[in-house]
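Undergrad:
2 protein chains.
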Amino acid sequence: MNDKALEVFPNLKNRQKDFICSIGFTMTVIGSKWRAIMLWHIIKNQPIRYGELKKIIPKISHKVLSSELKLLEEDGLIYRKAYPTIPPKVEYIPTERGLSLENILAELCKWGKEYMS
Amino acid sequence: MNDKALEVFPNLKNRQKDFICSIGFTMTVIGSKWRAIMLWHIIKNQPIRYGELKKIIPKISHKVLSSELKLLEEDGLIYRKAYPTIPPKVEYIPTERGLSLENILAELCKWGKEYMS
DNA sequence: CAGGATCCTGACAGATACTG
DNA sequence: CAGTATCTGTCAGGATCCTG
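In the order they appear, the protein sequences are chains A and B. Following the UniProt record's numbering, the numbering of the first sequence begins with 1 at its first residue and continues without gaps. Following the UniProt record's numbering, the numbering of the second sequence begins with 1 at its first residue and continues without gaps.
#1: Output yes if chain B places a C-beta closer than 9 Å to the C-beta of A:Tyr50; else output no.
#2: Residue 118 of chain A: buried (16+ other C-beta within 10 angstroms of its C-beta) or exposed?
#3: Exposed or buried, B:Asp75, counting other C-beta atoms within 10 Å across all chains shown (16 or more means buried)?
#4: Since A:Pro72 contacts A:Leu39 with CB under 8 Å, what's their CB separation in whole angstroms?
#5: B:Glu68 to A:Lys89, Cα distance in whole Å?
#6: B:Val90 bridges to which residues according to DSSP?
#7: How would you label A:His62, buried or exposed, when you count the other beta carbons within 10 angstroms and need 16 or more for buried?
#8: Does DSSP put B:Ile48 in a helix, in a strand, or in coil?
#9: If you follow the alpha helix (DSSP H) that B:Thr28 is in, where does it begin and where does it stop?
#10: Report yes or no: is there a C-beta of chain B within less than 9 Å of the C-beta of A:Asn11?
#11: So what does DSSP say about B:Met38, is it helix, strand or coil?
#12: Using the Cβ count rule (16 or more neighbours within 10 Å means buried), how would you classify A:Ser22?
#13: Look up B:Asp75 in the DSSP assignment and say whether it is helix, strand or coil.
#14: For a contact defined as C-beta to C-beta under 7 Å, what are the partners of B:Thr26 on chain A?
#15: I need the DSSP call for A:Phe9, collapsed to helix, strand or coil.
#16: Roughly how many angstroms lie between the CA atoms of B:Met1 and A:Met116, to the nearest whole one?
#17: If the cut is a Cβ gap below 8 Å, which residues of chain A does B:Ile37 touch?
#18: What separation, rounded to the nearest whole angstrom, lies between the Cα atoms of B:Glu7 and B:Tyr50?
#19: Could you tell me whether the Cβ of B:Met116 comes closer than 9 Å to any Cβ of chain A?
#20: Alpha carbon to alpha carbon, how far is B:Pro47 from B:Gly112? Give it in angstroms, no decimals.
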């Protein structure tokens, strides 16, 4: 039942096992406190560097930012391009799969805007 | 900045205060583990009774189901209609505001389906 | 600059039992 | 039937300091 999902999202097995419905599955992928926001900004500002992302989302901690970036990468939603320079430089860009969520994120953004000034 | 949001979603002040972007706001409303799933089934099976919802989402516990229902009600996304009979009967139906999320939920469902069999 | 390593805490979440 | 009450555990998320 979830075999296909686990094939495509290998690290999912460490997070949640069985999804009664596909909404639960999608929410496991983007439903954390920061992941949707991060993916949104990565899409809108690609390529974006670690520090820039931190500036755009100031409230997120380094630990959460880096661990969530890793999860997004493991889920194949973003791609991490590291330049072996000193000081290091890392850029993040969305993958095709990440871009497939753009419409949803845009809708989330739009809906929320109606209740904010 | 969030004054309007707090007006319309009074109980939000107990959950999260400042939203850097509207995606974060929307996710606070529907981004929990169960809330999106619950709202989806309430929309699709309205009016739906407590026990029916529990059957559709078997993995959720009574405690979480009832507390999340209360949150959905406080956020004005669903309406709770209680019949003062014995045994009690309660029906849940989406409000206009709840229905305004239907498209988003449908998209979440559609996206997830592509990765499940 | 872009993180990793630790340590810590409260909110989320589950199990079970009970009730008007 | 539709929930509470209680007790417990887990884990996302935060603070802080360290490093190639």
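Backbone N, C-alpha and C define an ideal beta-carbon position, used for all residues, glycine too.
TA: Quick answer:
#1: no
#2: In this structure chain A extends from 1 to 117, so residue 118 of chain A is not present and cannot be described.
#3: buried
#4: According to the sequence shown, residue 72 of chain A is Leu rather than Pro. The Cβ separation is near 6 Å, so the contact holds.
#5: 43 Å
#6: B:Ala82
#7: exposed
#8: strand
#9: 22-30
#10: no
#11: helix
#12: buried
#13: coil
#14: Leu108, Trp111, Gly112
#15: coil
#16: Unreliable positioning characterises B:Met1 in this predicted model, as indicated by a pLDDT of 47, which lies under 50. The coordinate reading is nonetheless provided below. Cα to Cα, the separation comes out at about 7 Å.
#17: Ile20, Cys21, Ile23, Gly24, Met27
#18: 28 Å
#19: yes
#20: 25 Å
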